[in-house]
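Note sheet for the following structure.
Number of protein chains: 2
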Amino acid sequence: MVAPAKKAFMRAGELARAAGVSVDTLHHYERKGVLAAPRRSANGYREYPADALGRVRLVRRALSIGFTLDELARILRARGGGRAPCREVRALAGAKLADVESRLRELLLVRDELRVVVKEWDAKLARTPEGERAGLLDALAVSVELNEARAPAPVWRRRKGRKKGEDEEY
Amino acid sequence: MVAPAKKAFMRAGELARAAGVSVDTLHHYERKGVLAAPRRSANGYREYPADALGRVRLVRRALSIGFTLDELARILRARGGGRAPCREVRALAGAKLADVESRLRELLLVRDELRVVVKEWDAKLARTPEGERAGLLDALAVSVELNEARAPAPVWRRRKGRKKGEDEEY
DNA sequence: CTTGACTCCCGAACCGGTTCGGCACTTTAT
DNA sequence: ATAAAGTGCCGAACCGGTTCGGGAGTCAAG
Chain A
13 MVAPAKKAFM RAGELARAAG VSVDTLHHYE RKGVLAAPRR SANGYREYPA
63 DALGRVRLVR RALSIGFTLD ELARILRARG GGRAPCREVR ALAGAKLADV
113 ESRLRELLLV RDELRVVVKE WDAKLARTPE GERAGLLDAL AVSVELNEAR
163 APAPVWRRRK GRKKGEDEEY
Chain B
13 MVAPAKKAFM RAGELARAAG VSVDTLHHYE RKGVLAAPRR SANGYREYPA
63 DALGRVRLVR RALSIGFTLD ELARILRARG GGRAPCREVR ALAGAKLADV
113 ESRLRELLLV RDELRVVVKE WDAKLARTPE GERAGLLDAL AVSVELNEAR
163 APAPVWRRRK GRKKGEDEEY
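Keeping their order, the protein sequence lines are chains A and B. 13 is the number of the first residue of the first sequence in the working numbering; add one for each residue after it. 13 is the number of the first residue of the second sequence in the working numbering; add one for each residue after it.
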């Protein structure tokens, strides 16, 4: 019954590829305390145990639902310490959910407003001679009158041009 | 017919209060080129013309629907220069809308997943003795198996604790 | 031996609107 | 006269996950 032990450990690049993450990110996770520092081979290379992949995926997953690396570190540390932080985790997740729903409401409002604005603009452009000013921005200024000065800070993360990472498709 | 001219100009704090913005922000807008530098009184204080309020509101509005200060500066500069950037503005708004809708879809997915997770967790907690570990995180790790390693970077702007600004209510 | 691919390390840059620090001056109130 | 607001200026900090720079060591293939 000798276990197959396909591959007892993996190196940084290997794990990174498997998890769909950069090596830099792995190091970062380790520094942040969400990924245990693996043993090192004689040359100093990291040798990740097989379950590290699961951990990285867990982290990615948690990040994607709104957890912070620091929060995660706190949780995982508590878990490692024998404590059962489940109730805390549940509360945290609840807060995250509320947060997401709040953001969602805001974003819906923005979308609706943006749609209206675009529609109005198109109508306006349709009856504006070529190269003439249609005063789109001014229309924006008008609509603000109606909505009063709410909208203190939009600030949902903006993404501009990526360098190499080909993260299109979605 | 002497125009009432309620108040031909306002100072920084005044305008800031009226627009629901900090004085710092006004300065910032000026530096960024989305708010014209007003004339100065003898002591060097800014004296904003009455229409500055409209401009600030316009900026806030544009920000809230996803425009960037830099984009806005570019547009307003063009407009001031006599050009009619309306077509560009329209295109930009279209891109913003697409962006918002994309973000919206992502966020909806996150919300749904988060809801499921929370629900599962509650069920799990219900049948787990007090203070015992329920393995919530592990459940998270499992569900990632199903979803495969998508979710490269969550990164919708996170907001933590505000200092003075009381922007709750919404 | 020389490429080229991996690896290590760690701090700095990035994004972008806002806030803060710190110091000097002016105006208004007490 | 003196304290309390208001204003000016401007660079740095903030948030947070990721990437980048860049110098050095390691290892297998040609």
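The beta-carbon is built from N, C-alpha and C at its ideal position, and this holds for glycine as well. Every value quoted in this text rests on a predicted model; they were computed, and no experiment measured them.
(request) Would you kindly report the start and end of the unbroken alpha helix (DSSP H) that includes residue 57(A)? (result) Along the first sequence, one-based indexing puts residue 57(A) at 45. No alpha helix (DSSP H) contains residue 57(A), which DSSP labels as neither H nor E.
(message) Nearer than 6 Å: is that true of the beta carbon of residue 67(A) relative to any heavy atom of the ligand SAM?
(response) Absence of the ligand SAM is noted for the structure shown, with no ligands found whatsoever.
(message) Could you check whether the Cβ of residue 105(B) sits closer than 7 Å to any Cβ belonging to chain A?
(response) Along the second sequence, read from residue 1 onward, the residue named residue 105(B) stands at position 93. Residue 105(B) has a beta carbon lying within less than 7 Å of a beta carbon in chain A.
(message) What does DSSP give as the partner residue(s) for residue 218(B) in the beta ladder?
(response) Since the first residue of chain B shown is 13 and the last is 182, residue 218(B) is not available in this structure.
(message) As a quick exercise: from 77(A), 66(A), 82(A), 29(A), pick the residue whose alpha carbon is nearest that of residue 43(A).
(response) Against the first sequence, residue 43(A) aligns to sequence position 31. Taking only the C-alpha atoms, the option nearest residue 43(A) is 82(A).
(request) Tell me where the alpha helix (DSSP H) around residue 106(B) begins and ends. (result) Along the second sequence, one-based indexing puts residue 106(B) at 94. Unbroken alpha helix (DSSP H) run through residue 106(B): 98–138.
(request) Could you name the residues of the same chain whose beta carbon sits closer than 7 Å to that of residue 101(A), not counting the 5 residues immediately before and after it, in chain order? (result) One-based indexing of the first sequence puts residue 101(A) at position 89. Counting only Cβ-Cβ distances below 7 Å, and skipping sequence neighbours, we find 87.
(message) Classify residue 41(A): buried if its beta carbon has 16 or more other beta carbons within 10 angstroms, exposed otherwise.
(response) The residue labelled residue 41(A) in the question sits at position 29 within the first sequence. Counting Cβ neighbours within 10 Å, residue 41(A) comes out buried, since at least 16 surround it.
(message) Does residue 66(A) come out as helix, strand or coil in the three-state DSSP assignment?
(response) Your numbering for residue 66(A) matches position 54 in the first sequence. DSSP places residue 66(A) in helix when its eight states are reduced to three.
(request) Consult DSSP for residue 85(B) and reduce its assignment to one of helix, strand or coil. (result) Residue numbering aside, residue 85(B) sits at position 73 when the second sequence is read from its first letter. Three-state DSSP puts residue 85(B) in a helix.
(message) Taking only three categories from DSSP, how would you classify residue 29(B)?
(response) To locate residue 29(B), count along the second sequence from 1; it is residue 17. Helix.
(request) Below 8 Å CB to CB, which residues in the same chain sit around residue 69(A) once its five sequence neighbours on both sides are set aside? (result) Taking the first sequence and counting its residues from 1, one reaches residue 69(A) at position 57. Answer for residue 69(A): 31, listed in chain order.
(request) Check residue 34(B) in the structure and name its three-state DSSP category. (result) The residue you call residue 34(B) lines up with position 22 of the second sequence. Looking at residue 34(B) - three-state DSSP - the assignment turns out to be coil, as it is neither helix nor strand.
(request) Check the Cβ of residue 74(A) against every Cβ in chain B and list those closer than 8 Å, keeping chain order. (result) Along the first sequence, read from residue 1 onward, the residue named residue 74(A) stands at position 62. Going along chain B in sequence order, the residues near residue 74(A) (Cβ under 8 Å) are 149, 152.
(message) Quick check: is the beta carbon of residue 71(B) nearer than 7 Å to any beta carbon in chain A?
(response) As a first step, residue 71(B) must be located in the second sequence, where it is residue number 59. No - not a single Cβ of chain A is within 7 Å of the one on residue 71(B).
(request) Below 7 Å between beta carbons is the criterion; list the residues of the region 41–75 of chain B that meet it against any residue of chain A, in chain order. (result) 66, 69, 70, 72, 73, 74, 75
(message) I want to verify the contact list: residues of chain B whose CB lies under 7 Å from the CB of residue 131(A), in sequence order.
(response) Reading the first sequence from its first residue, position 119 is the one you call residue 131(A). Going along chain B, no residue has its Cβ under 7 Å from residue 131(A), so there is no contact; the nearest lies around 10 Å.
(request) Using a cut-off of 8 Å between C-beta atoms, extract the partners of residue 35(A) located in chain B. (result) Position 23 of the first sequence, counting from 1, holds the residue named residue 35(A). Chain B residues near residue 35(A): none, gap ~15 Å exceeds 8 Å.
(request) Please classify residue 145(B): does DSSP put it in a helix, a strand, or coil? (result) Locating residue 145(B) in the second sequence gives position 133, where the first residue counts as 1. Residue 145(B): coil per DSSP, three-state reduction.
(request) Please go through the same chain and pick out, in chain order, the residues whose beta-carbon is closer than 8 Å to the beta-carbon of residue 37(A), but skip the five residues on each side of it. (result) Position 25 of the first sequence, counted from the first residue, corresponds to residue 37(A). The residues are 28.
(message) Assuming residue 126(B) and residue 127(A) are in contact, meaning their beta carbons sit under 8 Å apart, how far apart are those beta carbons, in whole angstroms?
(response) Your numbering for residue 126(B) matches position 114 in the second sequence. Your numbering for residue 127(A) matches position 115 in the first sequence. Going by Cβ atoms, the distance from residue 126(B) to residue 127(A) rounds to 26 Å, so no, they are not a contact pair.
(request) Under the assumption that residue 120(B) contacts residue 116(A) (Cβ atoms under 8 Å), give the Cβ distance between them as a whole number of angstroms. (result) Locating residue 120(B) in the second sequence gives position 108, counting from the first residue. Locating residue 116(A) in the first sequence gives position 104, counting from the first residue. Contact flag correct, Cβ pair sits at about 7 Å.
(request) Assuming residue 152(B) and residue 73(A) form a contact by the criterion Cβ under 8 Å, report the distance between their Cβ atoms to the nearest whole angstrom. (result) The residue you call residue 152(B) lines up with position 140 of the second sequence. The residue you call residue 73(A) lines up with position 61 of the first sequence. Correct: roughly 5 Å between the Cβ atoms.
(message) For residue 25(A), count the other beta carbons within 10 Å of its own beta carbon; 16 or more makes it buried, fewer makes it exposed. Which is it?
(response) Within the first sequence, residue 25(A) is the residue found at index 13, counting from 1. Under this definition residue 25(A) is an exposed residue.
(request) For residue 105(A), collect the residues of the same chain with a Cβ closer than 6 Å to its Cβ; drop the 5 residues on either side in sequence, then sort them by chain order. (result) Residue 105(A) sits at position 93 when you count from the first residue of the first sequence. Taken in chain order, the list of residues that qualify is empty.
(request) Compare the beta carbon distance of residue 84(A) and residue 67(A) with 7 Å and say whether it is the shorter of the two. (result) Indexing the first sequence from 1 puts residue 84(A) at position 72. Indexing the first sequence from 1 puts residue 67(A) at position 55. 7 Å or more divides the Cβ of residue 84(A) from the Cβ of residue 67(A).
(request) Please work out which residues of its chain come closer than 7 Å, Cβ to Cβ, to residue 59(B), disregarding the five sequence neighbours upstream and downstream, and give them in chain order. (result) In the second sequence, counting from the first residue as 1, residue 59(B) sits at position 47. So the qualifying residues of the chain are 21, 23, 50, 51, 52, 53.
(request) Would you please state the rounded distance, in angstroms, between the beta carbons of residue 77(B) and residue 122(A)? I believe it to be under 8 Å. (result) Here residue 77(B) refers to the residue found at position 65 when the second sequence is read from its first residue. Here residue 122(A) refers to the residue found at position 110 when the first sequence is read from its first residue. Right, their Cβ atoms sit about 6 Å apart.
(request) Report yes if the C-beta distance between residue 97(B) and residue 90(B) is below 7 Å; otherwise report no. (result) As a position in the second sequence, residue 97(B) is number 85, starting the count at 1. As a position in the second sequence, residue 90(B) is number 78, starting the count at 1. In this structure, residue 90(B) lies closer than 7 Å to residue 97(B) by Cβ.
(request) Anything in chain B within Cβ reach of residue 109(A), meaning under 8 Å, just list it in chain order. (result) On the first sequence, residue 109(A) is found 97 positions in, with the first residue counted as 1. Ordered by position in chain B, the residues that pass the 8 Å Cβ test against residue 109(A) are 123, 126, 127, 130.
(request) Counting only the same chain and skipping the five closest in sequence on each side, list residues whose C-beta sits under 6 Å from that of residue 141(B). (result) Counting from one through the second sequence, the residue named residue 141(B) turns up at place 129. Contacts found: none.
(message) Please return the same chain residues whose Cβ sits closer than 8 Å to the Cβ of residue 57(A), not counting the five positions on each side in sequence.
(response) Position 45 of the first sequence holds residue 57(A). Short of 8 Å from the beta carbon of residue 57(A), and not among the five residues preceding or following it, lie these beta carbons of its own chain, in chain order: 23, 24.
(request) With DSSP as the reference, label residue 186(A) as helix, strand or coil. (result) Residue 186(A) lies beyond the range of chain A shown here (13 to 182); nothing can be said about it.
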